[in-house]
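K.L.:
In the numbering used here, the protein residues as written are 54 to 392. One structure, pasted below without further comment.
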């Protein structure tokens, strides 16, 4: 790899590049108000990969879009903060956030076919990204684009640059999306299910590629996924999301070895990462209606440990041990401190 990220301008507090604090987001629809994000908390440090994991529809992508202010017009941030490089993202003007998207934060969308423009060649799209984010001549941008594709393991990059998205395989299109995202040498890469539509072999190649890029550039990654196996493979920390709320946050080792929230424990059992020949244990019950949320714990109706107080009071994040947070009334909270 020949990428290098210029992080000299990063101003961080305790090495924290991004922090999301008590975020609430809702959508107005003709069927009512959908409470998509209901108390999200996570941090991403410089050079760190954080996995945001949860079931489909739990609010992961909405949280990711909120960081770069790409939410649907029907969405509204009700409360909370998003801090990037010690600056409040939600208070930035449209021009300021557009400049951040150009130079600081890249987003890899889940479906490269939908994200790439079908009427422009691959080369045109990468060159455009380079010209918008960096001071290059067009010829310099063309050479840089070819070099990026080569570094991503794409053979014959000059030919690929002349092709259109529909002429490439799914894995190649995803690599092109990564090339566009990396062309600006971002401090933070947000990858929304970057391997969900790929076969196992290509998936492994993309994950290895992201890991190598992070090591070589000190770039931070927020990886949005529903796959606990992917998190175990590439992430340093993990935020577990349920019904729009981050209910547990900690290192991958802490979450996988000592999960504190009943939902996290159930998620790991369903994932069955050790591939043992045992009967899978589904989580009983259903996710609460996001248009009519209970006032107490969002998981209480499905929780084997719930008591009469759980449906009445929404738990806040507590730090059970250093760096390991959980939103639950009944974890091992010895020496914990409320966040």
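Glycine residues also receive a C-beta, built at the ideal position from the N, C-alpha and C atoms.
Among 162, 156, 207, which one has its Cα closest to the Cα of residue 395?
P.N.:
Since the first and last residues shown for the chain are 54 and 392, residue 395 lies out of range.
K.L.:
Within the same chain, show all residues whose beta-carbon is closer than 6 Å to that of residue 292, passing over the 5 residues directly before and after it, in chain order.
P.N.:
95, 105, 299, 302
K.L.:
Assuming residue 394 is part of the alpha helix (DSSP H), what are its boundary residues?
P.N.:
Given a span of 54 to 392 for the chain in the structure shown, any question on residue 394 remains unanswerable.
K.L.:
Take the Cβ of residue 306 as the centre, count every other Cβ of all protein chains shown within 10 Å, and call the residue buried at 16 or more, exposed below.
P.N.:
When all chains shown are included, residue 306 counts as exposed.
K.L.:
Quick check on residue 261: buried or exposed, where buried means 16 or more other Cβ atoms within 10 Å of its Cβ?
P.N.:
exposed
K.L.:
Please classify residue 206 as buried or exposed, where buried requires at least 16 other C-beta atoms within 10 Å of its C-beta.
P.N.:
exposed
K.L.:
If you reduce the DSSP assignment to three classes, tell me which class residue 176 lands in.
P.N.:
helix
K.L.:
Find the nearest neighbour of residue 165 within the set 107, 111, 336, 244, judged by alpha-carbon distance.
P.N.:
244
K.L.:
Quick check on residue 56: does DSSP put it in helix, strand or coil?
P.N.:
Since pLDDT at residue 56 reaches only 34, below the 50 mark, its modelled position is unreliable, and the value read off the structure follows with that caveat. In this structure, residue 56 counts as coil in the three-state DSSP scheme.
K.L.:
Output the distance between the C-alpha atoms of residue 85 and residue 344, rounded to the nearest integer angstrom.
P.N.:
6 Å
K.L.:
Among the candidates 273, 202, 278, whose CA atom is the shortest distance from the CA of residue 256?
P.N.:
278
K.L.:
In the DSSP assignment, find the unbroken alpha helix (DSSP H) run with residue 154 in it and report its ends.
P.N.:
147 to 156
K.L.:
If we count the other Cβ atoms within 10 Å of its Cβ and call it buried at 16 or more, is residue 341 buried or exposed?
P.N.:
buried
K.L.:
Looking at the secondary structure, which residues open and close the beta strand (DSSP E) in which residue 198 lies?
P.N.:
Not the beta strand (DSSP E): residue 198 falls in the alpha helix (DSSP H), residues 191 to 204.
K.L.:
Quick one: what's got a C-beta closer than 6 Å to residue 93's C-beta in the same chain, skipping five residues either side?
P.N.:
73, 76, 116, 299
K.L.:
In the DSSP assignment, find the beta strand (DSSP E) that holds residue 129 and state where it starts and stops.
P.N.:
128 to 137
K.L.:
Where does residue 121 sit, in a helix, a strand or coil, going by DSSP?
P.N.:
coil
K.L.:
Whole angstroms are fine: how far does the CA of residue 359 sit from the CA of residue 366?
P.N.:
Answer to the nearest angstrom: the Cα atoms are 12 Å apart.
K.L.:
Hey, residue 247 and residue 336 are a contact pair by Cβ (cut 8 Å); roughly how many whole angstroms apart?
P.N.:
Not a contact, Cβ separation roughly 26 Å.
K.L.:
Roughly how many angstroms lie between the CA atoms of residue 380 and residue 308, to the nearest whole one?
P.N.:
Rounded to whole angstroms, the separation of the alpha carbons of residue 308 and residue 380 is 13 Å.
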